[in-house]
Amino acid sequence: MDIVLQWLLLTVAVAAGWFVGRMGNTRERSKTPISDEDSVKDRLQFLFTNYSDQAVENFVQSLAVNKETVGLHLSIGAHFRHKGETDRAILIHQNLLARPELPPRYSQQVTYELAIDYLNAGLLDRAEALLHQLMGDREYGRKSSLQLIELYQQEKEWGKAGQVARTLTTGDHDARMYKMLAYITCEQAEDALKHDDRWMAQKLSKEALEYDRSCVRASFIMMKLLIRQGSYRDAASQSLKVFDQNPEFGSEAVDRLMKLEREHGDVGRLVKKLGKFYEAWPSTSLLLALVEAVERTSGRMAAIELLRRELEVRPSVRGLLRLVELAGYEKGMTTDEGRLVSRIGHLILANRPVYRCVNCGFSGQQLHWLCPSCKQWETVRPIQGVEAE
1 MDIVLQWLLL
11 TVAVAAGWFV
21 GRMGNTRERS
31 KTPISDEDSV
41 KDRLQFLFTN
51 YSDQAVENFV
61 QSLAVNKETV
71 GLHLSIGAHF
81 RHKGETDRAI
91 LIHQNLLARP
101 ELPPRYSQQV
111 TYELAIDYLN
121 AGLLDRAEAL
131 LHQLMGDREY
141 GRKSSLQLIE
151 LYQQEKEWGK
161 AGQVARTLTT
171 GDHDARMYKM
181 LAYITCEQAE
191 DALKHDDRWM
201 AQKLSKEALE
211 YDRSCVRASF
221 IMMKLLIRQG
231 SYRDAASQSL
241 KVFDQNPEFG
251 SEAVDRLMKL
261 EREHGDVGRL
271 VKKLGKFYEA
281 WPSTSLLLAL
291 VEAVERTSGR
301 MAAIELLRRE
311 LEVRPSVRGL
321 LRLVELAGYE
331 KGMTTDEGRL
341 VSRIGHLILA
351 NRPVYRCVNC
361 GFSGQQLHWL
371 CPSCKQWETV
381 RPIQGVEAE
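For the sequence shown, the positions run 1 to 389 when full-length UniProt numbering is used.
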């Protein structure tokens, strides 16, 4: 078996020599890192498809470390990581860092790759230490900081996430970074609310709005605070600011507003405001809220007429169900046909997603401020359409 392995390693080494020669020529023509070049990946595919993982691992362990072969080590390490064999990737990158002959300019790159290995393996403390070590690096500092933020978000360590995020906004006018920082601050505000620390929650909410004036979550937190203080009219006004910040979240604002008015106010007083907002940003939630307000002030027939007229222009399943319900009440009975329509409508809506991420397409029935899939803030939004808004 040892003889077979030696011959195998010799064969692989010969093939690798040709690859390295070609890669060396490519490096003369390009300043990009050797491990990032598509051509290298194509050539290495020969190794990965024709030899076992154990043979490839044995080969890379016996391979010298110098400026011509570092890229080969890194590519093979990345190959194992992408296959889910993080233990092998870790060994390769640890071996590289331990070799005194590793060219200094590759040290940071190998450290970063090892940190990603640790993240994938769930060794978060080790990953955190390496990423902190790289934060000040010109080439890998930003990438490492973003990985750290994602790690802290995963662990819900919002204070640490905010500290790292603030280092990325220094002298940087990237709106996405400020939005991230605003939402991280909102998480801290929510934590303060859970402990009934209203002063801190208010302070953090205002801070979030300073980072990003369009942060709708901060407005919703401010609304919660005003409700706890008994300032119901101010809370209602706060919810409506969402339409100026991001009207795509208007349905969320309306749902909160209507709940507030039913419990502490007067739904009927909202007719003019809701009508104005519906004219500017029509949605099913706004229409149903407007219909409820009209019913309170002008009666059920006026509400039915409004709903019927608007459904002809903007049909929706939720609107149709409400029309069937109102019509049944008006007649003093619920017809068999009405019950059938209601049953079918509810079946249609039962398992339909209500929210979708505009960045990656993730969908679900719950609003996530941080997309569970692509990890972007405020990209999961109410779905528009006949079966939704």
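Glycine is no exception: its CB is placed at the ideal position from the N, C-alpha and C atoms.
Exposed or buried, which one is GLU292 when buried takes at least 16 other CB atoms within 10 Å?
-> With 16 or more other Cβ atoms within 10 Å, it is buried.
Could you tell me which of LEU124, LYS67, VAL254, GLU187 sits nearest to ARG105, measuring between CA atoms?
-> Nearest C-alpha to ARG105: LYS67.
With TYR140 as the anchor, note down where its beta strand (DSSP E) starts and where it stops.
-> In the DSSP assignment, TYR140 falls outside any beta strand (DSSP E) and carries neither an H nor an E.
Closest residue to LEU114 among GLY122, LEU240, GLN94 (Cα-Cα distance) | Ranking GLY122, LEU240, GLN94 by Cα distance to LEU114 puts GLN94 first.
On the three-state DSSP scale, how would you describe TRP158?
-> TRP158: helix per DSSP, three-state reduction.
Note down the Cα distance separating LEU347 from ALA165, rounded to an integer number of angstroms.
-> Using only the alpha carbons, I get a separation of about 44 Å.
Applying the criterion that 16 or more other CB atoms from any shown protein chain within 10 Å of the CB defines a buried residue, is ILE76 buried or exposed?
-> ILE76 counts as buried, since no fewer than 16 other beta carbons sit within 10 angstroms of its beta carbon.
Mark LEU289 as exposed unless 16 or more other C-beta atoms lie within 10 angstroms of its C-beta, in which case mark it buried.
-> With the sequence shown as reference, residue 289 is identified as Ala, and Leu is not the correct amino acid for it. A residue is called buried when at least 16 other Cβ atoms come within 10 angstroms of its Cβ; ALA289 meets this threshold and is buried.
How many Å lie between SER302 and LEU326 at the Cα?
-> Checking the displayed sequence, the identity of residue 302 turns out to be Ala instead of Ser. C-alpha separation (whole angstroms): 11 Å.
Three-state secondary structure assigned by DSSP to LEU380 = First, the residue type needs correcting, since residue 380 is Val and not Leu in the sequence shown. Note: VAL380 maps to strand in three-state DSSP.
Write down every uninterrupted run of the alpha helix (DSSP H) in the stretch 268-350 whose length is 4 residues or greater and which is fully enclosed by it, in chain order.
-> For the stretch 268-350, whole alpha helix (DSSP H) runs of length 4 or above, ordered along the chain, are 271-280, 284-298, 300-313, 317-331, 336-350.
So who's on the other strand from GLY364, going by DSSP bridges?
-> DSSP, once it has assigned bridges, lists TYR355 as partnering GLY364.
Put LEU123 into one of helix, strand or coil per three-state DSSP.
-> LEU123: coil per DSSP, three-state reduction.
Alpha carbon to alpha carbon, what distance is there between GLN108 and LEU72?
-> For LEU72 and GLN108, the distance between alpha carbons rounds to 16 Å.
SER285 vs GLN245 beta-carbon contact at 8 Å = No, these two residues do not count as a Cβ contact at 8 Å.
Whole-angstrom Cβ separation of CYS215 and ALA182, contact assumed at under 8 Å?
-> Their Cβ separation, rounded to whole angstroms, is 4 Å, which keeps CYS215 and ALA182 in contact under 8 Å.
Decide if GLN147 is buried, meaning its Cβ has at least 16 other Cβ atoms within 10 Å, or exposed.
-> By the neighbour-count rule (16 or more Cβ atoms within 10 Å), GLN147 is buried.
Go through its chain and collect everything with a Cβ distance to SER251's Cβ below 6 Å, but skip five positions before and after it.
-> Within its own chain, the residues whose Cβ lies closer than 6 Å to the Cβ of SER251, once the five positions on either side in sequence are excluded, are SER283, SER285, PRO382, GLU389, listed in chain order.
Span of the alpha helix (DSSP H) holding LEU257?
-> Element bounds for LEU257: 250-264.
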